[in-house]
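Trainee:
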Amino acid sequence: MNLREEIINDILKSLNNEVSKEDVVVESPKERSFGDYAVPCFVFAKKLRKSPIAIAEDIKNNLDESKYEKVEVVSGYLNFFVKKEDLTKYVINKINEEKENYGKSNIGENKTAVIDYSAPNIAKPFGVGHLRSTAIGQAIKNILEKNSYNTVGINHLGDWGTQFGKMICAYKKWGNEEAIRKEPIKELLALYIKFHEEAEKEPSLEDEGRAYFKALENGDEEALMLWKWFRDESLKEFQKTYDLLGISKFDSYNGEAFYLDKMDGVIEELKEKNLLKKDQGAYVVDLEDMPPALIMKKDGATLYMTRDLAAAFYRKKTYNFDEAVYVIGNEQSLHLKQLKAVINKMGHDFANNMHHVNFGMVLQDGKKMSTRKGKTVKLHDVLVEAKDMAKTYIKNADSVDVEEVSRQVGIGAVIYNDLKNYRTNDIEFKLEDVLRFEGETGPYIQYTYARIMSLLKNNELKDIDFEKVEINSYIWNLVFKLYEFNDIIVKAKLGYDPSLLAKYVMDLAQEFNKFYGNCKINDGDDNEKAFKLKVSNSVAIVLKEGLRLLNIDAPEKM
RNA sequence: GCGCCUGUAGAUCAAUUGGAUAGAUCGUUUGACUACGGAUCAAAAGGUUAUGGGUUCAAAUCCUAUCAGGCGCGCCA
């Protein structure tokens, strides 16, 4: 059943196909009393040389109106009212049959998508800035799977680059092995900051750092040993953050260093195709309408771009992806554009299937947080704080696993806060907003779910006679919302936009709470009671599944 | 300087991508469990959509100018 399509087809038929399918826009009116669906007829007016109202009337007259509860013409709009009983029966039965599989789409069948996300930088704190890529990326991965895609989640670790030369340099000058073993990230960060402070006074340090990176790329043993040590210690610490977030593992942890021996092929191909140009000692690829892409430094060391190129080719070869999604911040827009442009210039059209899913920065006092100046808020600290805060809310401590539930709720708040708004907006980091559990927050939705579960605990679900059921406006809003779940799954995929799903789940929870607050559910005759319980159960199933896609747990008690 | 992005209630964000009376949440004020979980519900107040001009049946949305902010622009990632 696809109501939107039926309406489009009905209209095309009524107008003898004098307009094309693309002209027919089926909207959901903002004022529900206008109808369940609305079609503005103004667009037809020019083609048919008639007034919109007359056209709307024509369509209505030629239409098989018995399919709908009601069709109305109001000031140029054609408003459709769906038959409530039919849709209710269909939706409720479908959800109770399909359970958590409800809403699945097959648009990605036999397709593979590679999602590059999270990607924290080794030897630097896992800051709140990196939550965005992690949360958005994980949600997109889940949403793609719900659309039947095969997915490959890649944590493209920032584990290579000049910064490691600087780090090694700093360690050799001021480092202390003991201290690093104790608190690796903290010490390494201190070294990194010191390096930049000193470099400001003594610019030659920068060259020294670059030389160490060059040595690293050339396979210098001591440098490699230090690098590996930093990497191992960092990963151990990152895992604690992933555990709290409930992200068990990525399909691949191949970071930048992994492509060390895979860059030559790319450089060879660039040379062969005559795209590489020497400029001021460095090698670049010239591009139209944008600055050239830097491929190799004058000392022969590679760059971010070089490794990203190698990664793109490796992923195409290894996974043969239909789509590659890069969940990376706005500030790298130019880099991603250049990356695609270079691949296109090399004559590979898979660049067209690479998508930059960009997002806004996390700001503090309106400014970017700078690792170099030590101005980052550690994500782990925020998550722990959220968890502790959640603990204070939990009431009946004897029947719930307090540790686990407070983790779920606290983290739910943090993740929801990150996903609820459209990605590309910059967000100001305010701890008090992140730790809110009331209103438009993750815990609000979790609470709604827990409430339904408690309602269902002592009442078993029974079969319903749909003929005898009364569908009030609260229930109808819920049913219609439930029906739209599949639309949202598809739309969220097409726009790579988890916020659509986040808003949907919120809407559904709000509608349910209105229903709950205004109608007694466990009341009425047997059939009515069973009906209301089954609607509630359907809401619970969709809430839980929606939250799961956002990587938020739904505890049964909280 | 050039390029990209943003500007909507006191705050944080929506607005079906050009559609009907611009909606939520927080905060403020008021009300609701001897009823299924008060992390809830019901309600009030709060807007010249940064500003000026334009495009059309229709503009928060498109074009244009101005103002304000953010990001990026060769050897960082």
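For the numbering used here, add 213 to where a residue sits in the first sequence, where the first one is 1.
Think of the CB as a built atom: it goes at the ideal place given N, C-alpha and C, for glycine as much as any other residue.
Remember, predicted model here, so these are calculated numbers, not experimental data.
Which first and last residues belong to the beta strand (DSSP E) in which PHE471 is found?
Mentor: Translated into positions along the first sequence, residue 471 becomes position 258. Per DSSP, PHE471 belongs to no beta strand (DSSP E) and is neither H nor E.
Trainee: Would you decide whether ASN292 is buried or exposed? Buried here means 16 or more other CB atoms lie within 10 Å of its CB.
Mentor: Here residue 292 corresponds to residue number 79 of the first sequence, with the count starting at 1. The residue in question, ASN292, is buried, as its Cβ has 16 or more Cβ neighbours within 10 Å.
Trainee: PRO505 lies in the beta strand (DSSP E); which residues open and close that run?
Mentor: Taking the first sequence and counting its residues from 1, the one referred to as residue 505 is at position 292. Where PRO505 is concerned, the enclosing beta strand (DSSP E) stretches over 503-509.
Trainee: Per DSSP, HIS569 is paired with what?
Mentor: Numbered from 1 along the first sequence, position 356 holds the residue referred to as residue 569. Beta-bridge pairing links HIS569 to TYR539.
Trainee: Please classify PRO416 as buried or exposed, where buried requires at least 16 neighbouring CB atoms within 10 angstroms.
Mentor: Counting from 1 along the first sequence, the entry for residue 416 is found at position 203. Answer is exposed; the Cβ neighbour count stays below 16.
Trainee: Report the rounded CA-to-CA distance for LEU592 versus ARG217, giving the unit in angstroms.
Mentor: Against the first sequence, residue 592 aligns to sequence position 379. Against the first sequence, residue 217 aligns to sequence position 4. Cα to Cα, the separation comes out at about 43 Å.
Trainee: From what residue to what residue does the beta strand (DSSP E) around THR325 run?
Mentor: Indexing the first sequence from 1 puts residue 325 at position 112. Residue range 325-329 is occupied by the beta strand (DSSP E) that includes THR325.
Trainee: What are the residues that DSSP puts in a beta bridge with THR364?
Mentor: Start at 1 with the first residue of the first sequence, and residue 364 comes out as number 151. Per DSSP, ALA326.
Trainee: Quick one: what does DSSP say GLN493 is sitting in, helix, strand or coil?
Mentor: Mapped onto the first sequence, residue 493 falls at position 280. In this structure, GLN493 counts as coil in the three-state DSSP scheme.
Trainee: Is the number of C-beta pairs between the region 640-651 and the region 563-579 that are closer than 8 Å three or more?
Mentor: At 8 Å Cβ cutoff, the stretches touch.
Trainee: What did DSSP end up calling TYR250 once you bin it into helix, strand or coil?
Mentor: In the first sequence, residue 250 corresponds to position 37, counting from 1. Of the three classes helix, strand and coil, the one that applies to TYR250 here is strand, per DSSP.
Trainee: Give a yes or no on contact between the region 518-535 and the region 468-484, applying the rule of three or more CB pairs nearer than 8 Å.
Mentor: yes
Trainee: Would you check if there are 3 or more beta carbon pairs closer than 8 Å linking the region 312-330 to the region 606-620?
Mentor: no
Trainee: Taking 6 Å as the limit between beta carbons, can you name the residues of its chain near VAL804, skipping five residues before and five after?
Mentor: Coverage of the chain is limited to positions 214 through 771, which leaves residue 804 absent and any answer about it impossible.
Trainee: Have a look at LEU714, ASP535, ILE665, GLU598 and flag the residue whose alpha-carbon is nearest the alpha-carbon of MET567.
Mentor: Working through the first sequence from its first residue, we reach residue 567 at position 354. That would be ASP535, whose Cα lies nearest to the Cα of MET567.
Trainee: For TYR532, name the three-state secondary structure that DSSP assigns.
Mentor: As a first step, residue 532 must be located in the first sequence, where it is residue number 319. Assigned with DSSP and collapsed to three states, TYR532 falls in helix.
Trainee: Leaving out the 5 sequence neighbours to the left and right, which residues in its chain are closer than 7 Å to ALA412 when beta-carbon positions are compared?
Mentor: For this step, residue 412 is matched to residue 199 along the first sequence. Take ALA412, set aside five residues on each side of it, and the residues of its chain with a beta-carbon closer than 7 Å to its own are LEU418, GLU419, in chain order.
Trainee: May I ask you to report which of helix, strand or coil DSSP gives PHE642?
Mentor: Stepping through the first sequence from its first residue, residue 642 is reached at position 429. Coil.
Trainee: Might you give, ordered along the chain, the residues of its own chain that have their beta carbon closer than 6 Å to the beta carbon of MET666, omitting 5 neighbours on each side?
Mentor: Within the first sequence, residue 666 is the residue found at index 453, counting from 1. Excluding residues within five positions, the ones whose Cβ falls inside 6 Å are GLU769.
Trainee: Rounding to the nearest angstrom, what Cα-Cα distance links PHE725 and SER288 in this structure?
Mentor: To locate residue 725, count along the first sequence from 1; it is residue 512. To locate residue 288, count along the first sequence from 1; it is residue 75. Roughly 32 Å between the two C-alpha positions.
Trainee: Would VAL238 be called buried (16 or more neighbouring beta carbons within 10 Å of its own) or exposed?
Mentor: By 1-based counting over the first sequence, the position of residue 238 is 25. So VAL238 counts as exposed.
Trainee: Could you tell me which uninterrupted beta strand (DSSP E) segments, each at least 3 residues in length, are contained entirely in the region 359-422, listed from first to last along the chain?
Mentor: Counting only runs of 3 or more residues that sit fully inside the region 359-422, the beta strand (DSSP E) segments are 363-367, in chain order.
Trainee: So ALA626 packs on THR661, CB below 8 Å; how close in whole Å?
Mentor: Locating residue 626 in the first sequence gives position 413, where the first residue counts as 1. Locating residue 661 in the first sequence gives position 448, where the first residue counts as 1. Between the beta-carbon of ALA626 and that of THR661 there is about 14 Å, and that puts the pair past the 8 Å contact cut.
Trainee: Take ASN355 as the anchor and find which of LYS706, VAL682, ALA383, MET771 has the nearest alpha-carbon.
Mentor: Translated into the one-based positions of the first sequence, residue 355 becomes position 142. Minimum Cα distance to ASN355 is reached at LYS706.
Trainee: Under the assumption that ASP766 contacts GLN621 (Cβ atoms under 8 Å), give the Cβ distance between them as a whole number of angstroms.
Mentor: As a position in the first sequence, residue 766 is number 553, starting the count at 1. As a position in the first sequence, residue 621 is number 408, starting the count at 1. Indeed, because the Cβ distance is near 4 Å, the residues count as touching under 8 Å.
Trainee: Kindly indicate which three-state DSSP category PHE339 falls into: helix, strand or coil?
Mentor: Here residue 339 corresponds to residue number 126 of the first sequence, with the count starting at 1. It is coil, neither helix nor strand.
Trainee: Could you name the residues of the same chain whose beta carbon sits closer than 6 Å to that of ASN557, not counting the 5 residues immediately before and after it, in chain order?
Mentor: As a first step, residue 557 is located in the first sequence; it is residue number 344 there, counting from the start. ALA564.
Trainee: Check the DSSP bridge columns for LEU632 and list the partner residues they point to.
Mentor: Here the question's residue 632 lines up with position 419 in the first sequence. Answer is none; LEU632 lacks a bridge partner.
Trainee: Could you say which of SER712, ILE684, CYS382 lies nearest to GLY350 if we only look at CA atoms?
Mentor: Translated into the one-based positions of the first sequence, residue 350 becomes position 137. Closest by alpha carbon: SER712.
Trainee: So the candidates are ALA352, ILE328, CYS382; which of them puts its Cα closest to the Cα of ILE367?
Mentor: Counting from one through the first sequence, the residue named residue 367 turns up at place 154. Residue ILE328 is the option with its Cα nearest to ILE367.
Trainee: On the three-state DSSP scale, how would you describe TYR290?
Mentor: Within the first sequence, numbered from 1, the residue matching residue 290 stands at position 77. Three-state result, TYR290: strand.
Trainee: Leaving out five residues on either side along the sequence, give the residues of the same chain with a beta carbon under 7 Å from the beta carbon of LYS553.
Mentor: Against the first sequence, residue 553 aligns to sequence position 340. ALA564, MET567.
Trainee: If the criterion is Cβ atoms closer than 9 Å, does the pair VAL295 and ASP249 meet it?
Mentor: As a first step, residue 295 must be located in the first sequence, where it is residue number 82. As a first step, residue 249 must be located in the first sequence, where it is residue number 36. Yes, Cβ-Cβ distance for VAL295 and ASP249 is below 9 Å.
Trainee: Are the beta-carbon atoms of TRP373 and ARG520 separated by less than 9 Å?
Mentor: One-based indexing of the first sequence puts residue 373 at position 160. One-based indexing of the first sequence puts residue 520 at position 307. It is a contact, given that the beta carbons lie within the stated cut-off.
Trainee: Do LEU691 and PHE744 come within 9 Å of each other at the CB atom, strictly closer than that value?
Mentor: Here the question's residue 744 lines up with position 531 in the first sequence. Here the question's residue 691 lines up with position 478 in the first sequence. No, the pair does not count as a contact, with Cβ atoms beyond the cut-off.
Trainee: For GLN334, does the three-state DSSP call read helix, strand or coil?
Mentor: Sequence index remark: in the first sequence, residue 334 carries index 121 (1-based). The sequence given here has Asn at residue 334, not Gln. Three-state DSSP puts ASN334 in a strand.
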